[in-house]
Amino acid sequence: MTGLIVTDFPLVSSTNHHICLYRSIPISILLMTGQRLPRLIAPKLELSPVIDDHVPSELGKRKRASLACLECQRRRIKCGPGSPCEPCLLHGRDCVYDECNDKRRKVAAETARNDLEYYRGILDIVLLAIQKGSDANVEQFIIQIRAGATLPDISRMATQCLNGLSLPKVNK
């Protein structure tokens, strides 16, 4: 086996069971130098296409849901496509998707924009009420805000302050 010349085809030495792809180098020289022979990676085998209703057209790819349902999010498990998803269907749970929760969707962007417009409107009214309202009304307005008034109450009080109506007094 010492005089054998290695070609493009992998050869196995009967004494050391190494595979070698070196071109025109005797195996005896490679073995004497103590060099490690490179580890070869087998070529990729072409798989025959499997026809299955659950497997999409691309091999090895599983269709994933773009957004997990609320139950799968809460349990931190993988959610499948469809409504109801596979885990919810399997365990008999309610499968509900909240599209407003997915920040990549147009619905979520519109909801966020509407919320910002609402809060901006309230902020504008409050600032105008503080700037244009009478000192007594502004003082009462600030006292009620500090007392923990809700956002709709603050909006209503700011509108009253702008219209010149006196605000109800709150005990300090």
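Sequential numbering from 249 applies to the sequence shown in this note's numbering.
Here a beta-carbon is modelled for each residue, glycine too, at the ideal position from N, C-alpha and C.
- For Arg-341 and Asp-350, the gap between their C-alpha atoms comes out near 21 Å.
- Pairing Ile-373 with Ser-403 gives a Cβ-Cβ distance under 8 Å.
- Taking each of Gly-396, Ala-395, Arg-394, Val-386 in turn and checking the Cα distance to Ala-406, the smallest one comes out for Val-386.
- Leaving aside the five residues that flank Tyr-345 on each side, the residues in its chain whose CB is nearer than 7 Å to its CB run, in chain order, Leu-315, Cys-317, Ser-331.
- Here Cys-320 carries a helix assignment [DSSP, helix/strand/coil].
- Thr-407 carries a helical assignment under DSSP once its states are collapsed to helix, strand and coil.
- Taken through DSSP and simplified to helix, strand or coil, Ala-360 comes out as helix.
- DSSP places Leu-337 within a helical segment (H, G or I) once states are collapsed to three.
- Contact check for Lys-380 and Leu-337: beta-carbon distance about 59 Å, past the 8 Å limit, so the pair fails to qualify.
- Gly-396 sits exposed, since fewer than 16 C-beta atoms from the chains shown fall within 10 Å of its C-beta.
- Taking C-beta atoms under 8 Å as the contact rule, Ala-356 and Glu-365 fail to qualify, at a distance of about 15 Å.
- Taken atom to atom, the span from the alpha-carbon of Gln-392 to that of Lys-326 is near 48 Å.
- Sequence-distant Cβ neighbours of Leu-376 in its own chain, meaning closer than 7 Å and more than five residues away, are Leu-410.
- When DSSP states are grouped into helix, strand and coil, Gly-412 belongs to the coil group.
- Distance check between Ile-370 and each of Ala-360, Arg-361, Pro-400, Glu-358 places Pro-400 closest, using alpha-carbon atoms only.
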